[in-house]
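J.: So the protein sequences, as listed, match chains L and G.
Residue 1 is where the first sequence starts when you use the UniProt record's numbering, and the numbers rise one by one after that.
Residue 1 is where the second sequence starts when you use the UniProt record's numbering, and the numbers rise one by one after that.
Every residue gets a Cβ at the ideal spot worked out from N, C-alpha and C, and that includes glycine.
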Amino acid sequence: MSRIGVAFDKARADGRAVLVGCMPAGFPTVEGSIAAMKAMVSAGVDVIELEIPYSDPVMDGPVIQKASDIALAGGVRTADALRIVEAVAATGAPVVTMTYWNPIEQYGVDAFARDLAAAGGTGLITPDLIPDEADEWLAASDAHGLDRTFLVSPSSTDARLRMTAEHCRGFVYATAIMGVTGARSQTSEAAPILVSRLREVTDLPVGVGLGVGTGAQAGTVAGYADGVIVGSALIRCLLDAPDPAAGLTALRALSAELAEGVRHPQR
Amino acid sequence: MSATEPAPAGQLPDAAGHFGRFGGRFVPEALVAALDELDAAYRKAMSDESFRAEFDALLRDYAGTPSLLYPAHRFSAQIGARVLLKREDLNHTGAHKVRNVLGQALLTKRMGKRRVIAETGAGQHGVATATAAALFDLECVVYMGEVDTERQALNVARMRMLGATVVPVTTGSRTLKDAMNEAMRDWVANVDETHYLIGTAAGPHPFPELVRDFVRGIGVEARAQCLESTGALPDAVAACVGGGSNALGIFHAFVPDEGVRLYGFEAGGEGVDTDRHAASITGGTSGVLHGARTYVLQNADGQTIESHSISAGLDYPGVGPEHAWLHDSGRANYLPVTDAEAMAAFELLCRTEGIIPAIESAHALAGARKIAPGLAAELGREPVILVNLSGRGDKDVHTAGEYFGILDKEQ
Chain L
1 MSRIGVAFDK ARADGRAVLV GCMPAGFPTV EGSIAAMKAM VSAGVDVIEL EIPYSDPVMD
61 GPVIQKASDI ALAGGVRTAD ALRIVEAVAA TGAPVVTMTY WNPIEQYGVD AFARDLAAAG
121 GTGLITPDLI PDEADEWLAA SDAHGLDRTF LVSPSSTDAR LRMTAEHCRG FVYATAIMGV
181 TGARSQTSEA APILVSRLRE VTDLPVGVGL GVGTGAQAGT VAGYADGVIV GSALIRCLLD
241 APDPAAGLTA LRALSAELAE GVRHPQR
Chain G
1 MSATEPAPAG QLPDAAGHFG RFGGRFVPEA LVAALDELDA AYRKAMSDES FRAEFDALLR
61 DYAGTPSLLY PAHRFSAQIG ARVLLKREDL NHTGAHKVRN VLGQALLTKR MGKRRVIAET
121 GAGQHGVATA TAAALFDLEC VVYMGEVDTE RQALNVARMR MLGATVVPVT TGSRTLKDAM
181 NEAMRDWVAN VDETHYLIGT AAGPHPFPEL VRDFVRGIGV EARAQCLEST GALPDAVAAC
241 VGGGSNALGI FHAFVPDEGV RLYGFEAGGE GVDTDRHAAS ITGGTSGVLH GARTYVLQNA
301 DGQTIESHSI SAGLDYPGVG PEHAWLHDSG RANYLPVTDA EAMAAFELLC RTEGIIPAIE
361 SAHALAGARK IAPGLAAELG REPVILVNLS GRGDKDVHTA GEYFGILDKE Q
């Protein structure tokens, strides 16, 4: 069983959801991103989603794009991202990577899977790779024992929900809204419907992302999903901070608030 | 001769949008339903006589096609080839792009959507989209890199006069690729009521095929016009390639004519051996950008490299996947043309023919000049080269004026 799956099972047994926190590799620096992810884990984030920065992130909103641009301008490379995976995985928290397809293709699909597994990563979330185009990744992830998370959307047909879930391992990523990443003031009405549609076609845990930014929202999403995925709101803690220490303090505080939220599902 | 003559059956792409190893769909799942809907609407429309009749009538009565085929005698004498210009610059809105937007606007209506979004570099596609939106009473939002809004201010004004909202994009390199990212984001968020009217034969399936089919009338017309005026097919067809819609438009009807050489001229900028160019096939590598596998300007980590061209319309670090396939299969040849070569050809056409071409099209003219001696030697006679004059140069007067020192930045 996948290590992500273990984390979901354990949380389910405790009657709560898993908190997944996202941070771009190399933002604000390589060392800074390691410190940030360790701070998130120590404050209660269960799973780290490490985004490998990409120059043209069509699924991401302004906050993640800005952080990715800062990381790329700092010279972060895919090999650095794998080094960060290793450092963060050493804390014991599962680390799943997320990136657009082109960086993986240029690294070499099988080589990436091999090196990600060797670094202790659990798998990969692919925002712009759908199972229809994923033959090479399906083979590489099988060969190296990695999870693979494809996204589903409120606009997905039942047939595509089933097909996509069948190709997932670890968990399924349900995008709560039609739109890009970024915290929003209200949680989605489409998300609970999408999750219940997914429950009809798969037993895999379901993580819900896009638009969650507060402990209360995390509690609401935890009421119907197995995992709550937060990115932009956490990243903003570092972007908006006057200095790195203040950024980490804000990041710890929000991580703790979100961790508290997923422990109190609003059903 | 119908500009909407369908592509012959059995041609690429396959049902999933692949041209060999290129093309496909590398998109967020949120867009798959919209792409499927578009694909179904497009196939239904193209097999519907009434759709094709409506499209034909618009092209004829509104866009002003078939565009002329003009033998450019004085230009020909200068370059040592008999040059036939396909005058797409005479179309309404001044470029080949009006064909694509009219086709897609008709589809938008058929799908019951009320809003179109578009990306634009030089502004030509934005103007064409704003025009079609006005004609079809659609809300229109055009994304344009902030850098391009500055160098193409006149086209920004045109779009606004036509009722479109122009959104300057300030992310990334603030040029066409970033405008395309922003349009994709808008589409993900508003897909129910919005059609993304992509301006070139790039992007996820079915866009490369659909855009090609809406512009392939250029080649269908030119092929018939060549036969009528010269009694033969041309020796070569030349077009500029940014995303590649005008080139595919004029190439496609000639693809089965094996004796006709196809030449795509990419923006070589300051030279493909520098990092200042936009020649994705000549100077790029296979990768995934904006929804399809194709040739991309990128570094070893797969990060897109900023492109450069004196022509905002060619300043794009990718290319339509069918061109990638035509290159790999050897059916078409892709060569770079530098900014300086393009501007020399621009000046030559102005002075010999009284035609101010778009700087994009000047790349095709410079390319024809480049290949003429070799073709003449090979054929043992003066070659006949069909050049797609894809657009007029009004929008580029400022850029060209500065380049030639006729205007300074303040004028």
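Could you tell me which whole alpha helix (DSSP H) segments of length 4 or greater appear in the segment 271-350 of chain G?
T.: Whole alpha helix (DSSP H) segments, 4+ residues: 280-283, 321-328.
J.: So, H205/G versus G318/G, is the Cβ gap smaller than 8 Å?
T.: No, they are not a contact pair.
J.: So that I know if they touch, is there some Cβ in chain G lying closer than 8 Å to that of I130/L?
T.: True, the Cβ-Cβ gap to chain G drops below 8 Å.
J.: Residues of chain L with CB closer than 8 Å to the CB of M184/G, please, in chain order.
T.: Per Cβ cutoff of 8 Å: V58.
J.: Whole angstroms are fine: how far does the CA of A238/G sit from the CA of A376/G?
T.: Looking at the two C-alpha atoms, the distance is approximately 15 Å.
J.: For a test of the three-state rule: what should DSSP assign to A36/L, helix, strand or coil?
T.: A36/L: helix per DSSP, three-state reduction.
J.: Compile a chain-ordered list of the residues in the segment 276-298 of chain G whose CB is closer than 9 Å to at least one CB of chain L.
T.: Flagged, chain order: T285, S286, G287, V288, L289, H290, G291, R293, V296, Q298.
J.: I want to check one thing, is the minimum distance from the CB of E257/L to the heavy atoms of the ligand MN below 7 Å?
T.: Absence of the ligand MN is noted for the structure shown, with no ligands found whatsoever.
J.: With 9 Å as the limit, tell me which residues of the segment 25-38 of chain G have their beta carbon closer than that to any beta carbon of chain L; keep them in chain order.
T.: The residues in question are R25, F26, V27, P28, E29, A30, L31, V32, A33, A34, D36.
J.: Taking the DSSP output, what are the residues bridged to L106/G?
T.: Paired residue(s): none; L106/G is not in a bridge.
J.: How would you call I104/L, buried or exposed, if buried means at least 16 neighbouring beta carbons within 10 angstroms?
T.: Buried: at least 16 other Cβ atoms inside 10 Å.
J.: What residues in its chain sit with their C-beta under 8 Å from that of E270/G, if we drop five residues either side in the sequence?
T.: For E270/G, where only same-chain residues beyond five positions count, the Cβ hits under 8 Å are R276, H277, H308, T338, D339.
J.: Run down chain L in chain order and give the residues with a C-beta less than 7 Å from the C-beta of T194/G.
T.: None at all; the shortest Cβ gap to chain L is about 11 Å.
J.: On the CB-based measure, 16 or more other CB atoms within 10 Å of its CB, does K86/G come out buried or exposed?
T.: Looking at its Cβ environment, which holds 16 or more other Cβ atoms inside 10 Å, K86/G is buried.
J.: Give the DSSP-derived three-state secondary structure of D110/L in the structure shown.
T.: Three-state result, D110/L: helix.
J.: Under 8 Å between C-beta atoms, does N181/G make it to chain L?
T.: So, interface residue.
J.: Chain G partners of T164/L, CB-CB under 9 Å?
T.: What T164/L touches in chain G: E29.
J.: For K44/G, count neighbouring Cβ atoms within 10 angstroms of its own Cβ and tell me buried if that reaches 16, exposed if not.
T.: So K44/G counts as exposed.
J.: Using C-beta distances below 8 Å, list every residue in its chain close to E182/G, excluding the 5 sequence neighbours before and after it, in chain order.
T.: E119, Y143, V167, V169, T171.
J.: By the criterion of Cβ-Cβ separation under 7 Å, what are the contact partners of T157/L in chain C?
T.: Among the protein chains in the structure shown, which are L and G, there is no chain C.
J.: Going straight from the alpha carbon of A279/G to that of G268/G, what length do you get?
T.: When rounded, the distance between both Cα atoms is 6 Å.
J.: Report the residue from S2/L, E133/L, G32/L whose alpha carbon sits nearest the alpha carbon of T164/L.
T.: Selected option, being the one with the closest Cα: E133/L.
J.: Could you tell me whether the Cβ atoms of A358/G and A344/G are closer together than 8 Å?
T.: Their beta carbons are not under 8 Å apart, which means A358/G does not touch A344/G by this criterion.
J.: With DSSP collapsed to three states, give me the class of G264/G.
T.: Strand at G264/G.
J.: Hey, is D89/G's beta-carbon within less than 8 Å of any beta-carbon in chain L?
T.: So no, D89/G is outside the interface.
J.: Just to confirm the assignment, what range does the alpha helix (DSSP H) spanning residue 496/G have?
T.: This structure does not reach residue 496/G, given that chain G is present from 1 up to 411, and the question cannot be answered.
J.: Three or more C-beta pairs closer than 8 Å, one from the segment 2-20 of chain G and one from the segment 138-152 of chain L: is that the case here?
T.: No, because fewer than three Cβ pairs between the segment 2-20 of chain G and the segment 138-152 of chain L fall closer than 8 Å, the two stretches do not touch.
J.: Tell me which residues share the same chain as P94/L and place their Cβ nearer than 7 Å to its Cβ, disregarding the 5 neighbours each side in the sequence.
T.: Cβ neighbours of P94/L beyond the five flanking positions: R3, I4, A7, V47, T122.
J.: Give a yes or no on whether the minimum CB-CB distance between K370/G and chain L is below 8 Å.
T.: Cβ-Cβ to chain L under 8 Å: no for K370/G.
J.: List the residues of chain G whose Cβ lies closer than 7 Å to the Cβ of E260/L, in chain order.
T.: Correct list: empty, because the minimum Cβ distance to chain G is about 30 Å.
J.: Please list, in chain order, the residues of the segment 194-225 of chain G that have any C-beta partner in chain L closer than 8 Å.
T.: Answer set for the segment 194-225 of chain G: empty.
J.: DSSP on T165/G, reduced to helix/strand/coil?
T.: Residue state, collapsed to three classes: strand.
J.: Roughly how many angstroms separate the alpha carbons of E260/L and T214/L, rounded to a whole number?
T.: Near 10 Å, if we compare the C-alpha coordinates of T214/L and E260/L.
J.: According to DSSP, which residues form a beta bridge with E139/G?
T.: Answer is R115/G, bridged to E139/G.
J.: Run through the segment 7-69 of chain L for me and flag every whole beta strand (DSSP E) of 3 or more residues, listed as ranges in chain order.
T.: Taking only runs of at least 3 residues, the beta strand (DSSP E) segments lying wholly in the segment 7-69 of chain L are 18-24, 47-51.
J.: Thinking C-beta only, is F254/G closer than 8 Å to L262/G?
T.: Closer than 8 Å, so yes.
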